[in-house]
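To keep things clear, I will list the structure first and then write my remarks on it.
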Ligand code: 4AD
Ligand code: MG
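See below:
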């Protein structure tokens with residue numbers, strides 16, 4: 009069916025002359041005396057193809073059905089366009105309506121709709137300018153992730169989605185069970201008897217593929233995951249989703265400095281890639297969503313990331329004289345307001361905060377000589393705050409064992425993780441980049457719900 013037809017993107021790039029066939033959805037229809045103009049889009053490009061229809065070309069029935077939102081096939085002559093801003097236009101000879109969209113009820117009328125409203129029609133919002141641009145950038149960014157690591161000979165690996173271990177030790181996991189919730193089997197002590205459950209033990213959706221990535225890094229040296237992860241946090245913010253995608257590289261023989269440099273190269277590579285391959289989409293974001301976006305991204309490319317130990321960052325925040333909702337003191341976890349103040353006001357560029365207090369970080373991070381801090385790193389960027397979390401890992405079995413116990417966690421589920429340290433351990437490091445946060449950063453979109461097709465957040469799993 010599609011054979012012999014061109015996408016809108018191909019048609020816009022084609023030389024005038026000849027007859028072509030194009031399929032797509034009508035964005036707008038405008039009527040002048042003798043002519044009718046249709047803006048046609050099929051998602052292949054930000055720009056529409058203008059279809060010009062002379063009076064008498066369409067049957068009265070087709071003419072009436074050719075409304076905003078309808079899906080059509082047009083065949084006609086591709087000619088040089090007299091209109092500014094478009095090289096070619098299509099002079100319609102034949103038109104077929106695949107699907108009508110009754111004007112009285114079609115939810116996407118010509119006027120601009122709020123992003124909140126569009127979330128309620130997630131089945132139709134991909135047909136808007138904004139979401140067309142978002143999903144094309146999302147596609148390009150995913151490709152950039154793979155090419156960055158493949159160019160560096162990293163192995164793409166897959167961690168399980170269903171797991172028995174809490175990779176972050178934070179307890180924010182969704183349970184996975186096949187038990188009858190109305191009739192739960194109990195142990196003699198009255199607890200739920202998971203030995204009768206599908207996996208014979210409690211199981212969860214993974215919060216991170218890191219622990220499995222460590223297994224693979226200690227065999228293949230450099231690996232990465234790129235997969236959905238799940239968090240049952242009650243954080244109803246513009247930056248948190250219950251299901252989000254994460255990229256987790258893990259590298260043997262990398263210390264924290266190597267890790268930090270890789271993170272910086274990775275972020276810059278993605279920005280460069282999107283600027284090169286999604287120029288029209290970024291232009292739109294710059295004009296309509298986040299004024300100054302392209303200049304800000306160019307600035308990020310041009311400046312080396314600053315490197316700030318946590319203790320220094322806290323001192324700078326205390327000295328700033330700024331009144332924060334959460335007052336700053338050593339030992340606290342930095343809140344988004346602190347992160348943004350550091351990167352937007354104090355440093356005015358992305359920064360890497362390192363060596364956090366061990367009490368606020370995960371059990372697997374390598375303990376420093378001071379016994380108080382760990383070799384953690386968070387990459388903070390303007391408008392978002394934390395975009396990457398990572399660390400050098402604790403490769404010493406005795407120290408790791410003590411850390412798991414100090415955190416009040418059971419050793420048993422981590423027996424294999426400990427054994428990795430017992431047999432051929434190696435210094436190693438890694439990090440996790442939140443894919444949606446990266447998308448927010450490059451597009452200027454302000455809510456994570458608007459950079460993922462079908463967001464899952466507290467109270468919402470529609471579509
Ligand atoms: O800092 P986090 O929790 O680190 C880890 O999960 C490590 N296991 C990563 C590693 O070292 N391999 O999460 C990493 C990143 C955050 O910096 C943030 O960008 C994103 O994942 N993230 C979220 N994105 C959207 N919604 C949420 N609820 C997120 N939680 C974390
Ligand atoms: Mg983190």
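In this note's numbering, the protein residues as written are 9 to 471.
Cβ coordinates follow ideal geometry from the N, Cα and C atoms, glycine included.
Leaving out five residues on either side along the sequence, give the residues of the same chain with a beta carbon under 8 Å from the beta carbon of residue i.
i, result
"residue 131", "471"
"residue 409", "419, 426"
"residue 393", "247, 344, 347, 348, 351"
"residue 20", "53, 55, 57, 94, 95, 96"
"residue 267", "259, 385, 398, 399, 400, 437, 438, 439"
Per DSSP, residue i forms a beta bridge with which residues?
i, result
"residue 311", "DSSP output for residue 311 lists no bridge partner at all."
"residue 48", "34, 57"
"residue 236", "253"
"residue 439", "398"
"residue 39", "44"
"residue 200", "194"
"residue 86", "98"
"residue 389", "393"
"residue 81", "31, 104"
"residue 468", "465"
"residue 373", "401"
"residue 359", "314, 388"
"residue 211", "184"
"residue 164", "232"
"residue 170", "213"
"residue 365", "381"
"residue 62", "43"
"residue 260", "436"
"residue 14", "30"
Tell me whether residue i, by its Cβ, gets closer than 8 Å to a heavy atom of the ligand MG.
i, result
"residue 174", "no"
"residue 177", "no"
"residue 198", "no"
"residue 458", "no"
"residue 397", "yes"
"residue 326", "no"
"residue 386", "yes"
"residue 394", "yes"
Nearer than 8 Å: is that true of the beta carbon of residue i relative to any heavy atom of the ligand 4AD?
i, result
"residue 250", "yes"
"residue 344", "no"
"residue 467", "no"
"residue 472", "Residue numbering for the chain in the displayed model covers 9 to 471; residue 472 lies beyond these limits and cannot be assessed."
"residue 218", "yes"
"residue 441", "yes"
"residue 243", "yes"
"residue 254", "yes"
"residue 239", "yes"
"residue 225", "no"
"residue 450", "no"
"residue 402", "no"
"residue 383", "no"
"residue 444", "yes"
"residue 247", "yes"
"residue 258", "yes"
With a CB to CB cut of under 6 Å and the five nearest residues on each side skipped, what residues in its chain are close to residue i?
i, result
"residue 24", "86, 87, 88, 96"
"residue 123", "458"
"residue 305", "279"
"residue 83", "29, 101, 102"
"residue 360", "268, 313, 315, 385, 387"
"residue 362", "317, 385"
"residue 61", "44, 100"
"residue 220", "167"
Below 7 Å CB to CB, which residues in the same chain sit around residue i once its five sequence neighbours on both sides are set aside?
i, result
"residue 222", "258, 401, 428, 436"
"residue 434", "226, 260, 261, 403"
"residue 244", "465, 466"
"residue 239", "180, 215, 250"
Counting Cβ pairs closer than 8 Å, one from the stretch 427 to 441 and one from the stretch 249 to 261, do we hit at least three? yes
Do the stretch 314 to 328 and the stretch 161 to 172 meet, that is, are 3 or more Cβ pairs less than 8 Å apart? no
Could you tell me whether the stretch 99 to 118 touches the stretch 140 to 158, using the rule of 3 or more Cβ pairs below 8 Å? no
Three Cβ pairs or more, each shorter than 8 Å: is that satisfied between the stretch 242 to 251 and the stretch 271 to 286? no
Between the stretch 64 to 82 and the stretch 33 to 40, do at least 3 Cβ pairs fall closer than 8 Å? yes
Does the stretch 10 to 19 come close enough to the stretch 42 to 62 to have 3 or more Cβ pairs within less than 8 Å? yes
The stretch 93 to 109 / the stretch 143 to 163 touching (three or more Cβ pairs under 8 Å): no
Tell me, please, whether the stretch 279 to 293 touches the stretch 324 to 342 by the rule of three or more beta-carbon pairs shorter than 8 Å. no
Count Cβ pairs between the stretch 192 to 202 and the stretch 228 to 235 that sit closer than 8 Å; are there 3 or more? no
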